[in-house]
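Per the working numbering, the sequence shown starts with residue 7, numbered consecutively.
Heads up: the structure comes next, in structure tokens.
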Amino acid sequence: MKETAWKSPSNIALIKYWGKYDVQIPANPSVSFTLSSSATSTRLKYRTGKGAVTVFLNGEETPAFIPKIQSFLERTRALFPFSQQMDFEVHTSNSFPHSSGIASSASGMSALALCMMSIKEELGLNIKDFFREASYAARLGSGSGSRSVYGPLAAWGKHAEIEGSHDE
7 MKETAWKSPS
17 NIALIKYWGK
27 YDVQIPANPS
37 VSFTLSSSAT
47 STRLKYRTGK
57 GAVTVFLNGE
67 ETPAFIPKIQ
77 SFLERTRALF
87 PFSQQMDFEV
97 HTSNSFPHSS
107 GIASSASGMS
117 ALALCMMSIK
127 EELGLNIKDF
137 FREASYAARL
147 GSGSGSRSVY
157 GPLAAWGKHA
167 EIEGSHDE
């Protein structure tokens, strides 16, 4: 199996979004700081296959997380069309306790999206902006995940006063 790995920080919102529209579009813009000491490390192993997914959290196989990963792969199929022809082993761990109030879904989806972008890059597929595409993919897994790709300060959502801001 081939593999790629990324480490991604969680983030804490200074200005929170208050709900989302379809496909994880924020109802209002939000701003956050990334938490560099509270991060998720993800190693993604992959090979040609039929879309099988196995997940390991802190070294232990965790089938309960498979539906979340499968949902992410479904939502990002247009960005990562190769995912249907691969089997994945996701090995992930956090530098902070799970269910501690720190958003592990944000850092986890960010790290996974960055891993998928690395595979896309290795396959020689067209990439316009590596980190913007990773942020877009992370958002489809966890809205706050889009903010974990960038740091130390990140905005998510279109705002007239923030040049270049967008909902995706």
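Where is the CB? At the ideal position from N, CA and C, for every residue including glycine.
* Asked: To which residues does DSSP link P15 through a beta bridge?
  -> Counted from its first residue, the sequence shown places residue 15 at position 9. Its beta-bridge partners are A45.
* Within 10 angstroms of the Cβ of K126, are there 16 or more other Cβ atoms? Answer buried if so, exposed if not. => Start at 1 with the first residue of the sequence shown, and residue 126 comes out as number 120. It is buried - the Cβ of K126 has at least 16 other Cβ atoms within 10 Å.
* Rank S113, K134, L118 and M123 by C-alpha distance to the C-alpha of G157 and give the top, closest one. => Within the sequence shown, numbered from 1, the residue matching residue 157 stands at position 151. Of the candidates S113, K134, L118 and M123, the one whose C-alpha sits nearest the C-alpha of G157 is S113.
* So, using beta-carbon positions, are K141 and S16 closer together than 9 Å? -> Taking the first residue of the sequence shown as 1, we reach residue 141 at position 135. Taking the first residue of the sequence shown as 1, we reach residue 16 at position 10. A quick correction: the sequence has Ser, not Lys, at residue 141. For S141 and S16, no; Cβs fall outside 9 Å.
* Which residues DSSP lists as bridging V155, in chain order -> Position 149 of the sequence shown, counted from the first residue, corresponds to residue 155. DSSP output for V155 lists no bridge partner at all.
* In the DSSP assignment, what residue or residues form a beta bridge with S36? -> Indexing the sequence shown from 1 puts residue 36 at position 30. Partner(s): W162.
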